[in-house]
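S.K.: Chains as they are written, first to last, in full-length UniProt numbering: chain V, 1 to 303; chain P, 1 to 351; chain W, 1 to 378.
(1) Per DSSP, what kind of secondary structure is residue 72 (chain P) in: helix, strand or coil?
(2) What whole-angstrom Cβ distance do residue 8 (chain P) and residue 67 (chain P) have, given they're in contact under 8 Å?
(3) Following the continuous beta strand (DSSP E) through residue 245 (chain P), name the residue where it begins and the one where it ends.
(4) I want to verify the contact list: residues of chain V whose CB lies under 9 Å from the CB of residue 194 (chain P), in sequence order.
(5) Is the beta carbon of residue 283 (chain W) less than 9 Å from the beta carbon of residue 233 (chain W)?
(6) Going by C-alpha to C-alpha distance, which of P:268, P:213, P:275 sits closest to residue 257 (chain P)?
(7) Using CA atoms only, rank isn't needed, just tell me which of W:130, W:172, W:247, W:179 is closest to residue 145 (chain V).
(8) For residue 379 (chain W), return the contacting residues in chain V, with the cut-off set at a CB-CB distance below 7 Å.
(9) Mind checking if residue 86 (chain V) is an interface residue toward chain W, Cβ cutoff 9 Å exclusive?
(10) Can you tell me whether DSSP reads residue 78 (chain V) as helix, strand or coil?
(11) Is there a C-beta anywhere in chain P that falls below 9 Å from the one on residue 162 (chain V)?
(12) Counting C-beta neighbours from all protein chains within 10 Å, is the total for residue 264 (chain W) 16 or more, i.e. buried, or is it exposed?
(13) Could you list which residues in chain V have their beta carbon closer than 7 Å to that of residue 85 (chain W), in chain order?
(14) Sorted by chain position, which residues of the same chain lie with C-beta nearer than 8 Å to residue 149 (chain V)'s C-beta, five sequence neighbours on each side aside?
(15) Closest to residue 50 (chain W) by C-alpha separation, out of W:355, W:302, W:366, would be which residue?
(16) Using the beta-carbon of each residue, which ones in chain V are nearer than 7 Å to residue 92 (chain W)?
(17) Please decide whether residue 20 (chain V) counts as near chain W, where near means a Cβ-Cβ distance under 9 Å.
(18) Are residue 323 (chain P) and residue 205 (chain P) touching if we call contact CB-CB under 9 Å?
(19) Whose C-beta lies closer than 6 Å to the C-beta of residue 258 (chain V) among residues of the same chain, with five residues either side of it excluded?
(20) Cα-Cα, which of V:28, V:53, V:36 is closest to residue 264 (chain V)?
(21) Could you tell me whether any Cβ in chain P is nearer than 9 Å to the Cβ of residue 208 (chain V)?
(22) Check the C-beta distance from residue 328 (chain W) over to residue 312 (chain W) and give it rounded, since I have them as a contact under 8 Å.
(23) Give a yes or no on whether the C-beta atoms belonging to residue 91 (chain P) and residue 136 (chain P) are separated by under 9 Å.
(24) Scan the segment 172-202 of chain V for residues whose Cβ lies nearer than 7 Å to a Cβ of chain P and list them as they occur along the chain.
(25) Considering only their Cβ atoms, is the gap separating residue 338 (chain P) from residue 325 (chain P) smaller than 9 Å?
(26) Do the segment 340-360 of chain W and the segment 202-219 of chain W meet, that is, are 3 or more Cβ pairs less than 8 Å apart?
(27) May I have the straight-line CA-CA distance separating residue 38 (chain P) from residue 97 (chain P), to the nearest angstrom?
(28) Taking Cβ to Cβ, would you say residue 319 (chain W) is nearer than 9 Å to residue 156 (chain W)?
(29) Please determine if the segment 115-128 of chain V and the segment 220-234 of chain W are in contact, where contact requires at least 3 C-beta pairs separated by less than 8 Å.
(30) At a CB distance below 7 Å, what residues from the segment 304-316 of chain P approach chain V? Give them in sequence order.
(31) Taking the alpha helix (DSSP H) that residue 345 (chain P) belongs to, which residues open and close that run?
(32) Quick one: is residue 249 (chain V) buried, meaning 16 or more other Cβ sit within 10 Å of its Cβ, or exposed?
(33) List the endpoints of the continuous alpha helix (DSSP H) containing residue 127 (chain P).
(34) I'd like to confirm something about residue 197 (chain W): is its beta-carbon nearer than 8 Å to some heavy atom of the ligand GDP, or not?
(35) Quick one: give me the first and last residue of the beta strand (DSSP E) that residue 295 (chain P) is part of.
(36) Once the 5 residues before and after residue 100 (chain V) are set aside, which same chain residues still bring their CB inside 7 Å of it?
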């Protein structure tokens, strides 16, 4: 700053100090309506759920008002539940990783390619969002089995000699999950890429950086935050999606979501379902907080 | 290695099409070491594409490009000894000014201490000392272009490529930076190709100007030669303001396109046929001494514009419409007949 | 469909504020005034009613043979939606004075939960004269605490299904363990109690399904299930259909309404029977949901469900057994129970008392079943 003021040839001032001096009250005032909606429609039900998780479940009733840590203890002592936590997290992590990797590749293509390509990619990515999860599951049911599309196509292409089934495998559940989360990763990353001037890739090459170095030095650092957001979004969706893995995976693939609905609807055990849901909510919230803290460290240049 | 010809860049019969559109059509061009060559032309004339072919961002379809005698047209951009200053600056937003400037040196594996030295020196040169730790987002438009310039200068490329670097800036800043680039060129003696559609920019900065039109170079020469001795009608038209008088000469009688006779007297007679006579408005004399000029025209005063330093007199003679710039008012009213005149050297005639 | 439901929801809200609220407070006179069947056609004109039935094929048959004729007859706007184990939670989660359904189906499991939660209204038998024509078995197998609620409509059974091409007659549950069908069997892992009831039906050491009702005696039943050579367990009717259609399984422990769908849609593909050992069964009761704003119409509807014509229509399109004694048995039903004793002999309910015992130890059952699933999954 000092230099800028003394050097007469540099007369254009930067606007940074102005931004820093803005009063912090105003933003709170502006987000108040949204905040109220969030608190009323998400906060209150979550609080209710938290309360429900301590109620009793003693007979055929859905719950009996009371206070017990019993359900939380069950979650960690019953191997069915504790294993489901690990299964779900593992599946969600792997699915999110691939979802982000694939979404990143396609987002970069959509970003760099001419408009008609972009339209194609965006259209393809929108499809899963427009079709209900159940319809998508029926689609996979036509795709994975021994007499399904995949097997038939490979057979008629001469790539395999015997029909095979991928239905009811962890792989199918994983593919189904990636399909659910991919559009979110894709659109988040595309929006991040759209904020980047394409020409900086050229300027990097121009200054002597081969493509991989350009990726490491320029594209990756600029999209790192977006990748984190995309990953955490995918992770959240993958953690919460239960119908897809349960319909495509093996009989023994018991995810948190599946067990929650089983306890809630089948077993009529609302407190246990709530306790398990609370664990899921806390886990997801922790993932988001972690993402946020990583983000704030890494995006200093956005000012 | 070819023998040193003193040429930094040789572009030889280079061609590039996009589908049916010929963007660059057999363009040949050389840049001597230390020379500042401008590609000037309207938008769509192929000047930016030519620059991008040299930088390696587009592939040539035929012809060749050599830098310092070495053929490089099949090399990717990162293997070409060029550095581009983009219109947008294209700075890395996540790197500080110093990191941006050091980037090309790091890619060239220059030792750390030398990088620091050269970065400091070049920032001094472009008057950005003290801005090392700023991010591009904290800089003004002019400062960004200075950083872009420094980032390219610091690697000392065989040819610097300027892609309309000033067109996004406002007028006063543009003039200021234009002078600064000129000063740097005089000081450092780099070789450069500068793309612009602004003729005054081209005139002010260049050793030579190449005027481009529809993918071809119409003329390449010193700025004053291009201005005073345009190779063809397009160049004449594109460089500087001019009035055009379409004339038809039949059996020695000069008329406008509709065949109405015009009271025009030209020093050098025109043969029968259709002609376009051009004259620069600021060279047209009006009233007073005008009648003594070798070329004169009697016309009717249509209207007058005040442009600040001059008045612009719009005149009509039959279907001809011309205008003359004159510093003072003349003692004529609208609709009066006025005689104007101009020297033969100020006139261009094309058939 | 959605449109209709939205409409009824709208009228539900608006009508309540003015009319139905009045009926609730003024009570008796209004009800008596409207209860006369002769004037019902005018009284209920345009009124809506939502009855939740079992999702899947059952819901469709219920709409065709009960709902649509009812609407045609009384000019009402009754509708049915499909449900299963979420029914109780849905009613409980909604405001007590604005339930999502006016009439709810329930077999023994859902009835138990619904009754425990107090979600049903007592039945006024004077408004449902057709109750007199019902087999006493429905009441004889029900504990006293439940007898005052709802009306019996019919009931379903577990059935054994096999692919016709195999040429194996599904006359014994033992077929599920038969070497010829190893790895080609499917059964229910979600409502696992029906799967567990199969070895209980085969076991003749104790009456009915009693060995199911305690973990100590149920262990041997689970052990029997552990020996199944399962292709894939199913969690719902759609999955069962997919497993069979894809050829993953050739035999299934199925349910009467699903089995009826398979038989009607691909009559040459499957053969379905109630095995000689007998079968486990449930009864479908329909309850007036507490807080309903269409209480009188619900009574009218429930009585209509027990008309002979209604019962005949439903029976003609299903493999379900009906509550009325005088139904006309269609040809697809061989061996339809002809007397009250036949019901006792042929059908073994997982009783509401039984459910009390299972529920007390539910998580242990569920954990043990998941072990079975793990042990039988390749």
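Ideal Cβ placement from N, Cα and C applies to all residues, glycine included. Predicted model, so just to flag it, every value in this text is computed and none were measured.
M.R.: Working from what's here:
(1) To locate residue 72 (chain P), count along the second chain from 1; it is residue 72. Looking at residue 72 (chain P) - three-state DSSP - the assignment turns out to be coil, as it is neither helix nor strand.
(2) Against the second chain, residue 8 (chain P) aligns to sequence position 8. Against the second chain, residue 67 (chain P) aligns to sequence position 67. Right, their Cβ atoms sit about 7 Å apart.
(3) Walking along the second chain from the start, residue 245 (chain P) turns up at place 245. Here the beta strand (DSSP E) through residue 245 (chain P) covers 243-250.
(4) One-based indexing of the second chain puts residue 194 (chain P) at position 194. Ordered by position in chain V, no residue passes the 9 Å Cβ test against residue 194 (chain P), which lies about 16 Å from the chain.
(5) For this step, residue 283 (chain W) is matched to residue 283 along the third chain. For this step, residue 233 (chain W) is matched to residue 233 along the third chain. Not closer than 9 Å, so no.
(6) Residue 257 (chain P) sits at position 257 when you count from the first residue of the second chain. Checking every option, the nearest Cα to that of residue 257 (chain P) belongs to P:275.
(7) To locate residue 145 (chain V), count along the first chain from 1; it is residue 145. Comparing Cα-Cα distances from residue 145 (chain V) to each of W:130, W:172, W:247, W:179, the minimum goes to W:247.
(8) Residue 379 (chain W) cannot be examined here, being either before or after the span of chain W that is shown, 1 to 378.
(9) Start at 1 with the first residue of the first chain, and residue 86 (chain V) comes out as number 86. False, the Cβ-Cβ gap to chain W never drops below 9 Å.
(10) Your numbering for residue 78 (chain V) matches position 78 in the first chain. In this structure, residue 78 (chain V) counts as coil in the three-state DSSP scheme.
(11) Position 162 of the first chain, counted from the first residue, corresponds to residue 162 (chain V). Output row for residue 162 (chain V): interface = no.
(12) Mapped onto the third chain, residue 264 (chain W) falls at position 264. Answer is exposed; the Cβ neighbour count stays below 16.
(13) Within the third chain, numbered from 1, the residue matching residue 85 (chain W) stands at position 85. Per Cβ cutoff of 7 Å: 265, 266.
(14) Position 149 of the first chain, counting from 1, holds the residue named residue 149 (chain V). Cβ neighbours of residue 149 (chain V) beyond the five flanking positions: 142, 143.
(15) Translated into the one-based positions of the third chain, residue 50 (chain W) becomes position 50. Of the listed residues, the one whose Cα sits closest to residue 50 (chain W) is W:302.
(16) Numbered from 1 along the third chain, position 92 holds the residue referred to as residue 92 (chain W). Residues of chain V passing the Cβ test: 62.
(17) Here residue 20 (chain V) is taken as the residue at index 20 of the first chain, counted from 1. The predicted model places residue 20 (chain V) with a pLDDT of 46, which falls under 50 and marks its position as unreliable, so this point remains unresolved.
(18) As a working mapping, residue 323 (chain P) is identified with position 323 in the second chain. As a working mapping, residue 205 (chain P) is identified with position 205 in the second chain. No, the Cβ-Cβ distance between residue 323 (chain P) and residue 205 (chain P) is not below 9 Å.
(19) If you number the first chain from 1, residue 258 (chain V) lands on position 258. These residues qualify, in order along the chain: 242, 246.
(20) Looking up residue 264 (chain V) in the first chain gives position 264. With distances taken between Cα atoms, residue 264 (chain V) lies closest to V:53.
(21) Looking up residue 208 (chain V) in the first chain gives position 208. So yes, residue 208 (chain V) belongs to the interface.
(22) Locating residue 328 (chain W) in the third chain gives position 328, counting from the first residue. Locating residue 312 (chain W) in the third chain gives position 312, counting from the first residue. Indeed, because the Cβ distance is near 5 Å, the residues count as touching under 8 Å.
(23) If you number the second chain from 1, residue 91 (chain P) lands on position 91. If you number the second chain from 1, residue 136 (chain P) lands on position 136. Cβ distance < 9 Å, so residue 91 (chain P) and residue 136 (chain P) count as in contact.
(24) 197, 199, 200, 202
(25) As a first step, residue 325 (chain P) must be located in the second chain, where it is residue number 325. As a first step, residue 338 (chain P) must be located in the second chain, where it is residue number 338. Result no, Cβ atoms of residue 325 (chain P) and residue 338 (chain P) do not sit closer than 9 Å.
(26) yes
(27) Within the second chain, residue 38 (chain P) is the residue found at index 38, counting from 1. Within the second chain, residue 97 (chain P) is the residue found at index 97, counting from 1. Distance between the alpha carbons of residue 38 (chain P) and residue 97 (chain P) is about 28 Å.
(28) As a working mapping, residue 319 (chain W) is identified with position 319 in the third chain. As a working mapping, residue 156 (chain W) is identified with position 156 in the third chain. A contact, by the Cβ cut-off of 9 Å.
(29) no
(30) none
(31) By one-based count along the second chain, residue 345 (chain P) stands at place 345. Segment: none, residue 345 (chain P) is in no alpha helix (DSSP H) and carries neither H nor E.
(32) Here the question's residue 249 (chain V) lines up with position 249 in the first chain. Answer is buried; the Cβ neighbour count reaches 16.
(33) Indexing the second chain from 1 puts residue 127 (chain P) at position 127. That residue, residue 127 (chain P), is in no alpha helix (DSSP H); it is neither H nor E in DSSP.
(34) No copy of the ligand GDP appears in this structure; indeed no ligand is present at all.
(35) Taking the second chain and counting its residues from 1, the one referred to as residue 295 (chain P) is at position 295. Start and end: 295-306.
(36) Here residue 100 (chain V) is taken as the residue at index 100 of the first chain, counted from 1. So the list reads 185, 227, 230, 231, 234, once near-sequence residues are dropped.
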